[in-house]
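Using the UniProt record's numbering, the first residue of the sequence shown is number 1, and each one after it goes up by one. First up is the structure itself, then whatever we jot down about it.
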Amino acid sequence: MLRVEDLSVAFRQHDGRLTRPLAGVSLTVASGDCAGLIGGSGAGKSLIAEALTGTLPRNAELSGRIGVSGRIALAPQAVTALDPLARAGTQIARMARLAGRRADPAALMARLGLPEAALRAYPHELSGGMAKRVLIATALATGAGTLIADEPTLGLDPGAADRIMALLAGLAAEGTGVLIISHDLPRLVATTTRVTVLREGRPVETVPAAAFPEGLTHPFTRALWDAQTWTATEWAEAC
Numbered sequence: 001m002l003r004v005e006d007l008s009v010a011f012r013q014h015d016g017r018l019t020r021p022l023a024g025v026s027l028t029v030a031s032g033d034c035a036g037l038i039g040g041s042g043a044g045k046s047l048i049a050e051a052l053t054g055t056l057p058r059n060a061e062l063s064g065r066i067g068v069s070g071r072i073a074l075a076p077q078a079v080t081a082l083d084p085l086a087r088a089g090t091q092i093a094r095m096a097r098l099a100g101r102r103a104d105p106a107a108l109m110a111r112l113g114l115p116e117a118a119l120r121a122y123p124h125e126l127s128g129g130m131a132k133r134v135l136i137a138t139a140l141a142t143g144a145g146t147l148i149a150d151e152p153t154l155g156l157d158p159g160a161a162d163r164i165m166a167l168l169a170g171l172a173a174e175g176t177g178v179l180i181i182s183h184d185l186p187r188l189v190a191t192t193t194r195v196t197v198l199r200e201g202r203p204v205e206t207v208p209a210a211a212f213p214e215g216l217t218h219p220f221t222r223a224l225w226d227a228q229t230w231t232a233t234e235w236a237e238a239c
């Protein structure tokens with residue numbers, strides 16, 4: 001269970017000035033829940049992930065309330081987060097050990113639809129979709145009850161992106177609380193129960209997935225949806 005209330009992040013500059021790129025964020029992710037978070041570039045999505053996992057820079061000042069029941073883990077967006085000199089299975093086992101647990105890398109890989117041969121592969125030998133799954137496996141190896149997936153479909157072809165989102169929905173169905181941070185609004189709507197929308201570090205609204213698109217009322221959310229779903233013909237007619 002993850003509960004965030006009025007989360008704000010500020011940074012203290014060298015001259016003492018305080019900048020606040022993120023403020024007023026509240027969200028809840030229960031066990032078995034799959035929630036989405038979206039915003040444009042620089043909206044503060046990754047800042048939220050860093051705040052929730054305790055990886056903010058030293059000059060960050062955090063306010064608000066973060067409540068976590070059990071362990072929380074992050075599957076980062078960049079596959080460069082994987083150790084290029086270690087095999088996938090070794091990295092999964094290492095993450096479990098750091099969390100004080102023992103893991104079965106082969107069972108985790110199978111759960112995520114990866115072949116056993118991937119255990120012996122180095123990151124550069126994996127496809128983009130496989131590397132994303134290994135990142136998720138390293139997070140699950142910690143025994144976390146809540147998983148944050150930061151841009152899990154970034155750089156993937158449509159088929160691989162759909163498979164990753166289906167995998168995350170499946171983890172939620174098994175009881176894991178899942179928060180998906182993404183720029184891909186149509187896939188978020190298809191996968192999650194609700195989507196929190198950020199604009200320039202501030203929450204605009206939280207919308208049930210079932211409300212898209214007919215039930216949208218906020219102009220920014222509507223603009224995000226239209227920008228990602230309109231066809232070229234529709235754009236030409238609108239102009």
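For every residue, glycine included, the Cβ atom is placed at its ideal position computed from N, Cα and C.
Inset, instruction - Please indicate yes or no: does the CB of Gln-228 lie closer than 8 Å to some heavy atom of the ligand FMN? - result: This structure lacks the ligand FMN, and indeed carries no ligand of any kind.
Legend entry - Rounded straight-line distance, which links the Cα of Thr-217 to that of Val-123: According to the sequence as given, residue 123 is Pro; it is not Val. Taking the straight line from one Cα to the other gives about 43 Å.
Inset, instruction - Below 8 Å on the Cβ atoms is my guess for Leu-2 versus Thr-28; work out the distance and round it to an integer in Å. - result: 7 Å
Legend entry - Three-state secondary structure assigned by DSSP to Glu-174: coil
Inset, instruction - May I have the straight-line CA-CA distance separating Ala-93 from Asp-6, to the nearest angstrom? - result: 36 Å
Inset, instruction - Could you tell me whether any Cβ in chain C is nearer than 9 Å to the Cβ of Thr-196? - result: In summary, chain C is missing from the structure at hand, where a single protein chain is found.
Legend entry - Neighbourhood of His-14 by C-beta, 6 Å cutoff - its chain only, sequence neighbours within 5 removed: none
Inset, instruction - Look at the Cβ atom of Arg-194, then the Cβ atom of Gly-40, and state whether they are nearer than 9 Å. - result: no
Legend entry - Helix, strand or coil at Thr-221 [DSSP, three-state]: helix
Legend entry - Three-way DSSP call (helix, strand, coil) for Thr-233 in this model: In this prediction, Thr-233 has a pLDDT of 44, which is less than 50 and means its spatial position is unreliable; what the coordinates show is noted afterwards. It is helical.
Inset, instruction - With distances taken Cα to Cα, identify the nearest neighbour of Pro-175 among Gln-91, Met-130, Phe-11, Cys-34. - result: Looking at the sequence shown, residue 175 is not Pro but Gly. Nearest of Gln-91, Met-130, Phe-11, Cys-34 to Gly-175, Cα basis: Cys-34.
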